[in-house]
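I have placed the structure first, in the form of structure tokens, so that the comments after it can refer back to it.
2 protein chains.
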Amino acid sequence: MKIGICQINPTVGAINKNKQLILENYNKSISLGAELVVFPELALTGYPPQDLLLREQFLKRTANALDEIAKHTSTPMVLGSTLVDNSDLFNCSFLCENGKIVGYYKKILLPTYDVFDEDRYFKSGSEPSVFELAISGQTKRIGLQICEDLWDHNYSKDLAESIKEIGADIIINISASPFGDDRLIERSNLIKAKAQKTRLPFVYCNMVGSQDELIFDGQSLVYGPDGNLIAKGKAFEEDLLIVDLKETNQINLPRTKREESLYKALILGVKDYFSKTGHHQAVIGLSGGIDSSLTACIAVEALGKNNVYGISMPSKFSSSHSMSDAQALAGNLGIDFREIPINSIVESFEALMTPDLDTNNIGVAEENIQSRIRGNILMALSNKHGWLVLSTGNKTEMAIGYCTLYGDMNGGLSVISDLSKEDVYKISKWLNTSSGKNIIPKNSITKPPSAELRPDQVDPFDYDIVSPLISALIDNEKSPSELVKNGADLDLVKNISKRITLNEYKRRQAAPGLRVSSKAFGMGRRIPIVNKYDELSNE
Amino acid sequence: MKIGICQINPTVGAINKNKQLILENYNKSISLGAELVVFPELALTGYPPQDLLLREQFLKRTANALDEIAKHTSTPMVLGSTLVDNSDLFNCSFLCENGKIVGYYKKILLPTYDVFDEDRYFKSGSEPSVFELAISGQTKRIGLQICEDLWDHNYSKDLAESIKEIGADIIINISASPFGDDRLIERSNLIKAKAQKTRLPFVYCNMVGSQDELIFDGQSLVYGPDGNLIAKGKAFEEDLLIVDLKETNQINLPRTKREESLYKALILGVKDYFSKTGHHQAVIGLSGGIDSSLTACIAVEALGKNNVYGISMPSKFSSSHSMSDAQALAGNLGIDFREIPINSIVESFEALMTPDLDTNNIGVAEENIQSRIRGNILMALSNKHGWLVLSTGNKTEMAIGYCTLYGDMNGGLSVISDLSKEDVYKISKWLNTSSGKNIIPKNSITKPPSAELRPDQVDPFDYDIVSPLISALIDNEKSPSELVKNGADLDLVKNISKRITLNEYKRRQAAPGLRVSSKAFGMGRRIPIVNKYDELSNE
Chain Y
1 MKIGICQINP TVGAINKNKQ LILENYNKSI SLGAELVVFP ELALTGYPPQ
51 DLLLREQFLK RTANALDEIA KHTSTPMVLG STLVDNSDLF NCSFLCENGK
101 IVGYYKKILL PTYDVFDEDR YFKSGSEPSV FELAISGQTK RIGLQICEDL
151 WDHNYSKDLA ESIKEIGADI IINISASPFG DDRLIERSNL IKAKAQKTRL
201 PFVYCNMVGS QDELIFDGQS LVYGPDGNLI AKGKAFEEDL LIVDLKETNQ
251 INLPRTKREE SLYKALILGV KDYFSKTGHH QAVIGLSGGI DSSLTACIAV
301 EALGKNNVYG ISMPSKFSSS HSMSDAQALA GNLGIDFREI PINSIVESFE
351 ALMTPDLDTN NIGVAEENIQ SRIRGNILMA LSNKHGWLVL STGNKTEMAI
401 GYCTLYGDMN GGLSVISDLS KEDVYKISKW LNTSSGKNII PKNSITKPPS
451 AELRPDQVDP FDYDIVSPLI SALIDNEKSP SELVKNGADL DLVKNISKRI
501 TLNEYKRRQA APGLRVSSKA FGMGRRIPIV NKYDELSNE
Chain W
1 MKIGICQINP TVGAINKNKQ LILENYNKSI SLGAELVVFP ELALTGYPPQ
51 DLLLREQFLK RTANALDEIA KHTSTPMVLG STLVDNSDLF NCSFLCENGK
101 IVGYYKKILL PTYDVFDEDR YFKSGSEPSV FELAISGQTK RIGLQICEDL
151 WDHNYSKDLA ESIKEIGADI IINISASPFG DDRLIERSNL IKAKAQKTRL
201 PFVYCNMVGS QDELIFDGQS LVYGPDGNLI AKGKAFEEDL LIVDLKETNQ
251 INLPRTKREE SLYKALILGV KDYFSKTGHH QAVIGLSGGI DSSLTACIAV
301 EALGKNNVYG ISMPSKFSSS HSMSDAQALA GNLGIDFREI PINSIVESFE
351 ALMTPDLDTN NIGVAEENIQ SRIRGNILMA LSNKHGWLVL STGNKTEMAI
401 GYCTLYGDMN GGLSVISDLS KEDVYKISKW LNTSSGKNII PKNSITKPPS
451 AELRPDQVDP FDYDIVSPLI SALIDNEKSP SELVKNGADL DLVKNISKRI
501 TLNEYKRRQA APGLRVSSKA FGMGRRIPIV NKYDELSNE
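Read top to bottom, the protein sequences are chains Y and W. Read in this note's numbering, the first sequence has 141 at position 141, and its numbers run on one by one without any break. Read in this note's numbering, the second sequence has 318 at position 318, and its numbers run on one by one without any break.
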């Protein structure tokens, strides 16, 4: 049997556009010989539609579009969409053929953790489903699953086994599974094990594209009943795979470097956020530091060099290298570069706000004024030219609040806010090495990081120590006492975890950040602002 | 039987402090003759603890504190806290007496809609529970419920009836039910009906206090088996009620004006946000308009007049009345008032950013610069003096994005962002009338609203028409086509609903706003930023 796996990039809420995209891919699949065509989870609505699912009209329009799609079918199609049944809503995999919906499977396992809220919207299905299809004169029994159903070990279930028990010849899992730096391996191990255990071919069709904070990486997978990988969809782009399930040639999972995967994920994140919100051009404050440099590289890959504007906004505290490094980067990338020195504005604030601002005794107020002037300049350029401001803070800074609210935190999208400072260095070095030239000026990588908001300032953290501790606390959800038990300095961990708690208020007002780790700040991490819990104190 | 109903105000995460608060109230209740002492839902952790519930140490510390509380008991106590059972987490009502936990009930109905996410954290209990207690030599059979269990009609269940069937003499519901302008009536109707149907006394103990966006209003209620209200806790403050269930005197629900309830709710919201985050003083940009005026009144009630700073920041577009009205308001309230004119800074931006800014042709860039300069000034004062900036935008503006991100949207807390423009007027007028003097200058109420960011500007909306339409779309969750069907202008509804969708990106970066309606922007309304759904178009 030849299966068309349509790894498409739908847009949330664009029901008509998604319908067209589905029909185009369906027709193309058939013309390429597919006998069954498969689309991702909720391909018709986009994922996650969030509270659009609470709107009756939205569900009706989705149901109508599904009917219209079904009318166009001849060859069977498996497609993810919504179903209202007895006033309950279900996340479904529909089977359509010969002009009709001929069956559907209601998702059983509804993820309600991290970035997922499916219990908020959907009722859980109760029965595994197998559907009989006549394909090339033969009867095929198709077992349907949706995304989380694959992660059934977390629920002490074995849904693949259940599907096999009721007679499936093949398992088709349609997914909207977001990227995380270890997700491909995790998925492929799970699928391989299911194929081997059930001795059934396993088709895994994943969504691709970015939606707000989430990046779907595609990388659809097909495993044969012997546990051999026989097909894989592209990473981070749409793909249409025509896979003959009789295929026995094994292929290998690509061994992409982690740095490359993260970089490409972020490029897709930027690209889709712009195209799906109708933006084309970005503006970035270039400080000559590594964070804004890496952000600019990603933006150029996503949008093209003619669509990225780099602005250097030196103050009297800016080093000469901060300007020259920024300019060198812009030159390397071939982007428009402008310098707008902020001294005159800083002075107007100082003059106006005497005695509140003390130029001889620079504290947080005097520092932040500068950052907020820069934020204001970038937003003025944004408002004037329609450029979208990209925020350049990394995850380590966002964790401890080493950033200025309404200043350098300004932006429509926070590109690298889920990369630790450690990862920012790693990816920057990889980028320079793999491209064979120092796109990011060497000095931006080697010099000590500094906000340059007062004389001779350098960041008051040893990132080599602090960045991994923060990653352990946030990404790996280790507890502070665990870190201390494992040898970390008590006072340092106390200080870091206190800062993480206190700076929740800043993160709550941060630009949406592209999620590339297993635990990002944002929708998947819901910590109260008013929060007196401190594990390392006895309060 | 005499019941002590402890309507307390715990703080999320402050396990030790909450423990002390519980023990103090318990001891006081006993000294006042209580034979059973009741505390709200999750009183020990505070509500909602959100992702703190995912931390093993947090749950352990909570369990330890509960054990310590139980050790102090003689007379029975009913207390809300968490239970880890077989590695599942439950939201429980614990019964403690004579130094021990003697029983617990696992919450059956877990709200997972609007601001609630309980399915994310808790497993649902399956059994109604009744516990026998010996009180004054008599056996009493106590049926326990938790909050949402009362709203059982939404789940086609009758949990009160089930409790009665297994022998309860009395129903005790412990709650953390947030304020909404119609919530008291809704709760009292439900409870009265349950009491009448089961012929059992019904004790409803609600939390009081504010947590991030949520305001818990207290107003605990006790109904007799005949459906008579026999006791009610105070609104918006802690209370300790000692209620004899033999009481037959009926009391009436107070008929508080809606304006007064909303005003008092917001005062509590501001008060608790400050006290629980360790802030004491607020700074507000006073424009002479009605929004900032009402915000200042609320802040003064919450924090005291010596703790509120009003800043007027006129530009060359500011009318003389905007300054005089602001000053008059500050005088009426007795707060510190400062004028910081921003012209010189605006000019520095214009000089620096020629030709990007065009002083002869004022557009959104030139307008926003002014708003962002003001935002920067307020934040500088905040950073210098530790004052917390209060944001003053209303819900109507927030809906359609008639506000400046990183400008007038700046603030640690958005005080009136869940009040429609219509409600802002109503409450302001009520305030002046009820206080017998024009605290808010009459001119601020009668003049046409204006952002004063360009010459002769007035807000480009007829709020009398637009504000109710927005309330219908957001608060009442009407669909745009319903509004049109009911006679609203198609183009206007199209325009408004498009603006609401497009401005999701601004609201995502807004300060947390105090929720007083049934549907507020914020944690209870999860709309994607990338969102191409438009009910009134065929796209």
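Each residue gets a CB set at the ideal place from its N, CA and C atoms; glycine is no exception. Note that the coordinates shown come from a computational prediction; the quantities given were computed from them, not determined experimentally.
Extent of the continuous beta strand (DSSP E) to which GLN145 (chain Y) belongs: Position 145 of the first sequence holds residue 145 (chain Y). First-last of the beta strand (DSSP E) with GLN145 (chain Y): 138 to 146.
Is the region 160 to 168 of chain Y in contact with the region 133 to 152 of chain Y, if contact means three or more CB pairs nearer than 8 Å? Taking a contact to require three or more Cβ pairs closer than 8 Å, the region 160 to 168 of chain Y and the region 133 to 152 of chain Y qualify as touching.
Which residue marks the beginning of the alpha helix (DSSP H) containing CYS96 (chain Y), and which one marks its end? In the first sequence, counting from the first residue as 1, residue 96 (chain Y) sits at position 96. CYS96 (chain Y) -> not in any alpha helix (DSSP H); beta strand (DSSP E) instead, spanning 88 to 97.
In terms of residues, what are the limits of the beta strand (DSSP E) holding CYS6 (chain W)? The count along the second sequence starts at 1 and reaches residue 6 (chain W) at position 6. 2 to 7 is the extent of the beta strand (DSSP E) around CYS6 (chain W).
Tell me, which residues are paired with ARG338 (chain Y) by DSSP? Taking the first residue of the first sequence as 1, we reach residue 338 (chain Y) at position 338. In the DSSP assignment, ARG338 (chain Y) is bridged to Y:ILE311.
Out of curiosity, what's the CA-to-CA distance linking GLY289 (chain W) and THR112 (chain W)? Counted from its first residue, the second sequence places residue 289 (chain W) at position 289. Counted from its first residue, the second sequence places residue 112 (chain W) at position 112. Cα-Cα distance, rounded: 39 Å.
Quick one: is ASP119 (chain W) near chain Y, going by C-beta distance under 9 Å? Here residue 119 (chain W) refers to the residue found at position 119 when the second sequence is read from its first residue. For ASP119 (chain W), the closest Cβ of chain Y is nearer than 9 Å.
Under 9 Å between C-beta atoms of SER344 (chain Y) and ALA326 (chain Y): For the purposes of this step, residue 344 (chain Y) is taken as residue 344 along the first sequence, with counting starting at 1. For the purposes of this step, residue 326 (chain Y) is taken as residue 326 along the first sequence, with counting starting at 1. In this structure, SER344 (chain Y) keeps its C-beta atom at 9 Å or more from the C-beta atom of ALA326 (chain Y).
State the CB to CB distance for the pair GLY125 (chain W) and ILE101 (chain W), rounded to an integer number of angstroms; the pair is presumed to be in contact (CB under 8 Å). Indexing the second sequence from 1 puts residue 125 (chain W) at position 125. Indexing the second sequence from 1 puts residue 101 (chain W) at position 101. The C-beta separation of GLY125 (chain W) from ILE101 (chain W) comes to about 16 Å, leaving the pair out of contact by the 8 Å criterion.
Can you tell me where the alpha helix (DSSP H) with SER275 (chain W) in it begins and where it stops? On the second sequence, position 275 is the one that residue 275 (chain W) refers to. Looking at the DSSP string, the run of the alpha helix (DSSP H) that includes SER275 (chain W) is 258 to 277.
Return the residue from the list Y:GLY137, Y:ALA193, Y:ASP88, Y:SER162 that minimises the CA-CA distance to ASN154 (chain W). In the second sequence, the residue the question calls residue 154 (chain W) occupies position 154. When each option's Cα is compared against that of ASN154 (chain W), the closest is Y:ASP88.
Jot down the residue ranges of each uninterrupted beta strand (DSSP E) in the region 452 to 522 of chain Y, minimum 3 residues, whole runs only, in chain order. Complete beta strand (DSSP E) runs here, min 3: none at all.
Which residues bound the alpha helix (DSSP H) around VAL38 (chain Y)? Sequence index remark: in the first sequence, residue 38 (chain Y) carries index 38 (1-based). Where VAL38 (chain Y) is concerned, there is no enclosing alpha helix (DSSP H), although the beta strand (DSSP E) it sits in stretches over 36 to 38.
Are LEU200 (chain W) and LYS164 (chain W) touching if we call contact CB-CB under 9 Å? Mapped onto the second sequence, residue 200 (chain W) falls at position 200. Mapped onto the second sequence, residue 164 (chain W) falls at position 164. Closer than 9 Å, so yes.
Distance between beta carbons of ILE8 (chain Y) and VAL625 (chain Y), contact taken as under 8 Å: What the structure shows of chain Y is the stretch from 1 to 539, and residue 625 (chain Y) is not part of that stretch, so it cannot be assessed.
Determine, using beta-carbon pairs with one atom in the region 43 to 50 of chain Y and one in the region 10 to 18 of chain Y, whether at least three such pairs fall under 8 Å. Yes, the region 43 to 50 of chain Y is in contact with the region 10 to 18 of chain Y.
Since PHE179 (chain W) and VAL516 (chain W) should fall inside the 8 Å C-beta cutoff, what is the C-beta to C-beta distance between them, to a whole number of angstroms? Here residue 179 (chain W) corresponds to residue number 179 of the second sequence, with the count starting at 1. Here residue 516 (chain W) corresponds to residue number 516 of the second sequence, with the count starting at 1. Taking C-beta atoms under 8 Å as the contact rule, PHE179 (chain W) and VAL516 (chain W) qualify, at a distance of about 6 Å.
At a cut of 8 Å, does the region 318 to 334 of chain Y reach the region 440 to 449 of chain Y through at least three beta carbon pairs? Short answer: they touch.
Check each residue of the region 21 to 53 of chain Y: if its Cβ is closer than 9 Å to any Cβ of chain W, include it; give the result in chain order. Within the region 21 to 53 of chain Y, the qualifying residues are THR45, GLY46, PRO48, PRO49, GLN50, ASP51, LEU52.
Just how far apart, CA to CA, sit ILE242 (chain Y) and ASP534 (chain W)? As a working note, residue 242 (chain Y) is residue 242 in the first sequence. As a working note, residue 534 (chain W) is residue 534 in the second sequence. Rounded to whole angstroms, ILE242 (chain Y) to ASP534 (chain W) spans 35 Å at the Cα level.
Any C-beta of chain Y under 9 Å from that of ASN538 (chain W): The sequence position of residue 538 (chain W) within the second sequence is 538, counting from 1. Closer than 9 Å to some Cβ of chain Y, the Cβ of ASN538 (chain W) qualifies, so yes.
Note down, in chain order, each residue of its chain lying with its Cβ closer than 7 Å to the Cβ of ALA549 (chain W), except the 5 sequence neighbours on either side. Chain W is shown from 1 up to 539; residue 549 (chain W) falls before or after that span and cannot be answered.
Spatial neighbours of THR11 (chain W) within its chain, please: CB distance less than 7 Å, with the 5 preceding and 5 following residues excluded, ordered by chain position. Indexing the second sequence from 1 puts residue 11 (chain W) at position 11. Shown here for THR11 (chain W): same chain residues with a beta carbon closer than 7 Å to its own, the five before and five after excluded, namely LYS17, ASN18, GLY46, LYS276 in chain order.
Residues in the same chain with beta-carbon distance under 6 Å from GLY411 (chain W), minus the five sequence neighbours each way, listed in chain order, please. Locating residue 411 (chain W) in the second sequence gives position 411, where the first residue counts as 1. Hits under 6 Å: VAL389, LEU390, SER391, ALA511.
Using a Cβ cut-off of 9 Å (strictly closer), state whether ARG61 (chain Y) contacts chain W. Position 61 of the first sequence, counted from the first residue, corresponds to residue 61 (chain Y). Cβ-Cβ to chain W under 9 Å: yes for ARG61 (chain Y).
Could you please give the first and the last residue of the uninterrupted alpha helix (DSSP H) stretch that includes GLY375 (chain Y)? Looking up residue 375 (chain Y) in the first sequence gives position 375. Unbroken alpha helix (DSSP H) run through GLY375 (chain Y): 364 to 385.
Around the C-beta of ASN25 (chain W), are 16 or more other C-beta atoms found within 10 angstroms, so that it is buried, or is it exposed? For the purposes of this step, residue 25 (chain W) is taken as the residue at position 25 of the second sequence. Flag for ASN25 (chain W) reads buried.
Within 9 Å of any Cβ in chain Y, is that where the Cβ of SER126 (chain W) sits? The residue given as residue 126 (chain W) occupies position 126 in the second sequence. SER126 (chain W) does not count as touching chain Y.
Are the Cβ atoms of SER261 (chain Y) and LEU514 (chain Y) separated by less than 9 Å? Within the first sequence, the letter at position 261 stands for residue 261 (chain Y). Within the first sequence, the letter at position 514 stands for residue 514 (chain Y). The Cβ-Cβ distance between SER261 (chain Y) and LEU514 (chain Y) does not fall below 9 Å.
Using the beta-carbon count (16 or more within 10 Å), is ASN206 (chain Y) buried or exposed? The residue given as residue 206 (chain Y) occupies position 206 in the first sequence. Answer is buried; the Cβ neighbour count reaches 16.
Would you say SER344 (chain Y) faces chain W, with C-beta separation under 9 Å as the test? In the first sequence, residue 344 (chain Y) corresponds to position 344, counting from 1. Yes, because at least one Cβ of chain W sits closer than 9 Å to the Cβ of SER344 (chain Y).
Nearest by alpha-carbon distance to GLY386 (chain Y): which of Y:VAL308, Y:ALA451, Y:ARG372, Y:ILE135 is it? For this step, residue 386 (chain Y) is matched to residue 386 along the first sequence. The shortest C-alpha separation from GLY386 (chain Y) is found at Y:VAL308.
What residues are listed by DSSP as bridge partners for PHE202 (chain W)? Translated into the one-based positions of the second sequence, residue 202 (chain W) becomes position 202. DSSP, once it has assigned bridges, lists W:ILE171, W:TYR223 as partnering PHE202 (chain W).
If you reduce the DSSP assignment to three classes, tell me which class LEU104 (chain W) lands in. Reading the second sequence from its first residue, position 104 is the one you call residue 104 (chain W). The sequence shown places Tyr at residue 104 (chain W), not Leu. Correct three-state label for TYR104 (chain W): strand.
Can you tell me the Cα-Cα spacing of VAL300 (chain W) and LEU333 (chain W), whole angstroms? One-based indexing of the second sequence puts residue 300 (chain W) at position 300. One-based indexing of the second sequence puts residue 333 (chain W) at position 333. In this structure, the alpha-carbon of VAL300 (chain W) lies about 7 Å from that of LEU333 (chain W).
Any beta-carbon of chain Y closer than 9 Å to the one on ILE108 (chain W)? Taking the second sequence and counting its residues from 1, the one referred to as residue 108 (chain W) is at position 108. Chain Y has no Cβ within less than 9 Å of the Cβ of ILE108 (chain W).
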